[in-house]
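> Counting in the working numbering, the sequence shown runs from 2 upward without gaps.
C-beta atoms are modelled at their ideal positions from N, C-alpha and C, and glycine is treated no differently.
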Amino acid sequence: MANTANAELPKLDYPYDGLEPYISKEIMTLHHTKHHQTYVNALNAAEQAYAKASTPKERIALQAALKFNGGGHINHSLFWKNLTPQKNGGGKLSDGPLKKAIEETFGSFDAFKKDFNTTTAGIQGSGWGWLGVSPKTGRLEIVTTANQDPLLTHTPVIGVDIWEHAFYLQYKNVKADYLNAIWNVINFDEAERRFKEATSGSKL
Ligand SMILES: [Fe+2]
Numbered sequence: 002m003a004n005t006a007n008a009e010l011p012k013l014d015y016p017y018d019g020l021e022p023y024i025s026k027e028i029m030t031l032h033h034t035k036h037h038q039t040y041v042n043a044l045n046a047a048e049q050a051y052a053k054a055s056t057p058k059e060r061i062a063l064q065a066a067l068k069f070n071g072g073g074h075i076n077h078s079l080f081w082k083n084l085t086p087q088k089n090g091g092g093k094l095s096d097g098p099l100k101k102a103i104e105e106t107f108g109s110f111d112a113f114k115k116d117f118n119t120t121t122a123g124i125q126g127s128g129w130g131w132l133g134v135s136p137k138t139g140r141l142e143i144v145t146t147a148n149q150d151p152l153l154t155h156t157p158v159i160g161v162d163i164w165e166h167a168f169y170l171q172y173k174n175v176k177a178d179y180l181n182a183i184w185n186v187i188n189f190d191e192a193e194r195r196f197k198e199a200t201s202g203s204k205l
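And the structure:
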C-alpha cells in the first residue's frame, strides 16, 4: 500500500480555459481543484487509516473508501491527459493504428463517436464511458463503469467523465450536448499512445 500513499493532484498540461468553448474554465477549475482534490485527500486519509488498522474488520471497513476515492483519483488523472485544447490538436484523429482500428471496429470515426455517445448516455446516475482494449481479443470495445469504478476489464484508451459535475454548470441536464462537444477536445495522440501500449506484444 505504501506506494499509493500520498497521492497528489496532478498538474494539467493546459490552462483551465484551454478547452473552451467546449468545456468552460469554471467547470475545469472546480473539477480539478475541488472534485479531484477531494478524491486525493480522501484516498490519502483512507490509506493512512488502512496502514494503522490492526484487524481484518477495520481493514474491510475501509474498502469502500479506498475503491471510491482511489478510483476517482485514477479516473480523473487519466481524464485530464485525455483532453487537450483544439489548437493543440484536440479532436483530431490522425492516420495511424488507432484510426485504422476504430474504422475497422465501428465502420467510421463518426459511427464510433455515435456509438460511444449512445452507450454512455445510457449510464444511470454517475459513471464513466470508456473506449478500451479487451485483453482477451485485443479489440476495441465501448464499455461503462458506475460511480468512480476504474476500468479493470479492459485497458483504457479514452475515458469520459459522466458525472454531472463534469458538465452541469455549462450544459445543465443536456448530457447529449456535453457528449457531442467533448470530442472537439479529446487528445487522440494520447489515446493512440495507450492503444499502442495495450496492443503491443506480451499483454495479448
Ligand atoms: Fe469528475
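Within a Cβ cutoff of 6 Å, which residues of the same chain sit near S135, ignoring the five residues on either side of it in sequence?
Taking the first residue of the sequence shown as 1, we reach residue 135 at position 134. If we look at S135 and ignore the five residues flanking it on each side, its Cβ neighbours are E142, H155.
> So what does L141 bridge to, in DSSP terms?
To locate residue 141, count along the sequence shown from 1; it is residue 140. L141 pairs with V134.
> Helix, strand or coil: which one does DSSP assign to L84?
Walking along the sequence shown from the start, residue 84 turns up at place 83. Residue state for L84 is assigned as strand, using DSSP reduced to three classes.
> With 16 as the cutoff for other CB atoms within 10 Å, does A199 come out buried or exposed?
Looking up residue 199 in the sequence shown gives position 198. A199 is buried by the Cβ-count criterion.
> Kindly indicate which three-state DSSP category G72 falls into: helix, strand or coil?
Locating residue 72 in the sequence shown gives position 71, where the first residue counts as 1. Three-state result, G72: helix.
> Quickly, what does DSSP pair A47 with across the bridge? List them, please.
For the purposes of this step, residue 47 is taken as the residue at position 46 of the sequence shown. DSSP lists no beta-bridge partner residue for A47.
> Closest to T138 by CA distance: which of I183, D96, K173, S201 is it?
Residue 138 sits at position 137 when you count from the first residue of the sequence shown. That would be S201, whose Cα lies nearest to the Cα of T138.
> Measuring from the CB of A167, is there a heavy atom of ligand 1 at a distance below 7 Å?
Along the sequence shown, read from residue 1 onward, the residue named residue 167 stands at position 166. A167: yes, Cβ under 7 Å from ligand 1.
> When the Cα of L10 is compared with those of I75, Y179, W164, which residue comes out closest?
Taking the sequence shown and counting its residues from 1, one reaches residue 10 at position 9. Of I75, Y179, W164, the residue nearest in Cα terms is I75.
> Tell me the rounded alpha-carbon separation between S203 and Y172.
Here residue 203 corresponds to residue number 202 of the sequence shown, with the count starting at 1. Here residue 172 corresponds to residue number 171 of the sequence shown, with the count starting at 1. Bear in mind that a pLDDT of 49 at S203, under 50, signals an unreliable position, so the number given afterwards is only what the model happens to contain. Those two C-alpha atoms are separated by around 42 Å.
> Would you call R140 buried or exposed, if buried means 16 or more other Cβ atoms sit within 10 Å of its Cβ?
Your numbering for residue 140 matches position 139 in the sequence shown. Exposed: under 16 other Cβ atoms inside 10 Å.
> Does any heavy atom of ligand 1 sit closer than 7 Å to the C-beta of D162?
For the purposes of this step, residue 162 is taken as residue 161 along the sequence shown, with counting starting at 1. D162: yes, Cβ under 7 Å from ligand 1.
> I want to check one thing, is the minimum distance from the CB of H33 to the heavy atoms of ligand 1 below 7 Å?
Taking the first residue of the sequence shown as 1, we reach residue 33 at position 32. H33: no, Cβ never under 7 Å from ligand 1.
> Can you grab the Cα-Cα spacing for the pair A3 / K68, in whole Å?
Translated into the one-based positions of the sequence shown, residue 3 becomes position 2. Translated into the one-based positions of the sequence shown, residue 68 becomes position 67. Only weak support exists for where A3 lies, its pLDDT of 47 falling under 50; the value from the coordinates is given anyway. Looking at the two C-alpha atoms, the distance is approximately 16 Å.
> Let me make sure I understand the geometry here. Which of P98, N181, T119, W164 has the alpha-carbon closest to that of E191?
Against the sequence shown, residue 191 aligns to sequence position 190. For the options P98, N181, T119, W164, the alpha carbon positioned closest to that of E191 is the one of P98.
> To which residues of the same chain is P86 closer than 8 Å at the C-beta, ignoring the five residues directly before and after it?
Here residue 86 corresponds to residue number 85 of the sequence shown, with the count starting at 1. Once the five neighbours on either side are set aside, the close Cβ partners of P86 are Y15, G19, L20, V186.
> In this structure, what does DSSP give as the bridge partners for G160?
As a position in the sequence shown, residue 160 is number 159, starting the count at 1. Its beta-bridge partners are W131.
> Where does the unbroken alpha helix (DSSP H) through A192 begin, and where does it stop?
Position 191 of the sequence shown, counted from the first residue, corresponds to residue 192. Residues 189-200.
> Give the secondary structure of A122 by DSSP, where H, G and I count as helix, E and B as strand, and everything else as coil.
For the purposes of this step, residue 122 is taken as the residue at position 121 of the sequence shown. Three-state DSSP puts A122 in a helix.
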